[in-house]
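Note sheet for the following structure.
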Amino acid sequence: MDARVFTAVSDRLPRRYRDYERRAVGFVSSKERLKNLAMQAARKLSGTASMRIDRVRDQLILCIALVRSWMHGDYDGASRQTIVAVTAALLYFVVPFDVIPDFLIGWGFIDDASVVGYVMTKFAAEMDAFRRWQERGVEREDKVAEADLRKGEII
């Protein structure tokens with residue numbers, strides 16, 4: 006899918022998205038269900054080798070990371086609306102029988118990509134803020150590791 010087409014598609018509300026959004030509210034209210042969803046999404050993503058899903062692989066990874074960080078209380082910079090939308094996108098990705106069933110090789114992930122793209126576009130500011138927060142965390146961990154190494158060298 007051409008990037009221009011993907012962007013245009015991601016601006017429109019995907020079919021059946023609202024159904025998944027309603028279901029996502031129940032997941033957000035249950036940390037156990039949310040944890041299981043994040044694990045299922047990560048497992049499906051790691052076992053999926055489709056060029057169609059590769060276009061949104063990094064976005065899906067970011068969505069999974071946001072849900073996990075929010076669930077563990079590590080990140081509170083996302084609104085509940087964003088968490089529900091990201092959870093809806095993950096649900097859509099995990100459920101194999103959506104608008105275009107995932108078993109249709111080469112085509113089954115197009116609708117999944119459109120839902121992920123829609124959520125990433127609609128909540129771009131909050132997703133970018135989370136990405137920056139993640140990057141700062143990695144920088145902090147690197148600095149702590151460097152400091153620990155230096156201490157070890159001195160001793």
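Counting with the numbering used here, you get residues 6 to 160 for the letters of the sequence shown. Note that CB positions come from ideal geometry on N, CA and C, so glycine has one too.
Anticipated Cβ contact below 8 Å, glutamine 64 with valine 121, distance rounded
That pair is a contact at about 5 Å.
* Asked: Around the C-beta of serine 119, are 16 or more other C-beta atoms found within 10 angstroms, so that it is buried, or is it exposed?
  -> Buried, since its Cβ has 16 or more Cβ neighbours within 10 Å.
query = Is valine 89 near glutamate 26, with beta carbons less than 8 Å apart?
reply = The Cβ atoms of valine 89 and glutamate 26 sit closer than 8 Å to each other.
Q) According to the neighbour-count rule (16 or more other Cβ atoms, all chains shown, within 10 Å of its Cβ), is alanine 43 buried or exposed? A) It counts as buried.
Contact set for alanine 93: own chain, Cβ-Cβ below 6 Å, skip 5 residues either direction: Tyr25, Glu26 and Ala29.
query = What span of residues does the alpha helix (DSSP H) with phenylalanine 32 cover, start to end?
reply = Element bounds for phenylalanine 32: 22-33.
Inset, instruction - Could you say which of Lys40, Ser51, Trp138 and Asp116 lies nearest to methionine 76 if we only look at CA atoms? - result: Restricting attention to Lys40, Ser51, Trp138 and Asp116, the CA atom closest to the CA of methionine 76 is found in Lys40.
Inset, instruction - Tell me whether alanine 46 is buried or exposed, calling it buried when 16 or more other Cβ atoms sit within 10 Å of its Cβ. - result: Buried is the call here.
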